[in-house]
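Reading through the structure tokens given below for one structure.
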Amino acid sequence: MSDVIVPSTLLRTDAVYRSFGTRAQRIGCGFWLAHPSSDESGVINPFCAVSLVLRGSAVFTDHRRVRTTLRPGMAYARLPGRRHSLVYGPSYAECWIDLGVAVGAIPETTSLIHVERTVFSPGIDLSLVRRIDRTLTALRAADVAQLPVLAIELLAIVGALVSLE
């Protein structure tokens, strides 16, 4: 799907989660390399998370039991309260955003991400992937007072991903 070469510096496992109040106000982002025991079956998250496949493939089964083979340049959303499963192939890598419960309600309630369509194909925009990397660094270093602004930045990145399709 995507012939963009992702730099090795962006193919890594690195994550940061921060909370600016309750667990419902937890946000995070990162990069992840799957390993053989990474598969998820029947998981229900309380938060909204969006991932962009950078390398490899995986099979994503959404809450409607629709199975999609994910390839580089495809993105998928794990919506709050909805069951999903993932089976990762070899060499799978992704970048991801966890919007938490409070901010994570926005994509679904505003129809930014539709419940019936949790997989989309924005392609790999390296400037957007680097933006996630910069936001990860900023989250790691941020004062608590800066976290609400970074939560909005993460939401803006999700909006940018959706708009690229």
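All residue numbers for the sequence shown refer to this note's numbering, where the first residue is 785 and numbers rise by one.
C-beta atoms are modelled at their ideal positions from N, C-alpha and C, and glycine is treated no differently.
{"Query": "My understanding is that Leu948 touches Gly907, with C-beta atoms under 8 Å, so please give their C-beta distance in whole angstroms.", "Result": "6 Å"}
{"Query": "State whether the region 853 to 868 contacts the region 802 to 820, with contact taken as three or more CB pairs (one from each stretch) at a distance under 8 Å.", "Result": "no"}
{"Query": "Is the separation between the beta-carbon of Leu934 and that of Ala922 shorter than 8 Å?", "Result": "yes"}
{"Query": "When DSSP labels each residue in this structure, what does Arg779 get in the three-state scheme?", "Result": "In the structure as shown, the chain starts at 785 and stops at 949, and residue 779 therefore has no counterpart that could be examined."}
{"Query": "Which of helix, strand or coil does DSSP assign to Val790?", "Result": "coil"}
{"Query": "Please give the ranges of any beta strand (DSSP E) in the region 817 to 850, keeping only runs that are unbroken, at least 3 residues long and fully inside the region.", "Result": "824 to 828, 833 to 839, 842 to 845"}
{"Query": "Below 7 Å CB to CB, which residues in the same chain sit around Pro932 once its five sequence neighbours on both sides are set aside?", "Result": "Phe804"}
{"Query": "Could you check where the alpha helix (DSSP H) with Leu938 kicks off and where it finishes?", "Result": "931 to 947"}
{"Query": "Heavy atom of the ligand MG less than 7 Å from the Cβ of Ile890, yes or no?", "Result": "Questions concerning the ligand MG fall outside what the structure shown contains, since it holds no ligand whatsoever."}
{"Query": "Identify whether Val899 lies in helix, strand or coil by the three-state DSSP scheme.", "Result": "coil"}
{"Query": "Among the candidates Pro830, Ser825, Gly857, whose CA atom is the shortest distance from the CA of Phe844?", "Result": "Ser825"}
{"Query": "DSSP beta-bridge partners for Ser803?", "Result": "Arg810"}
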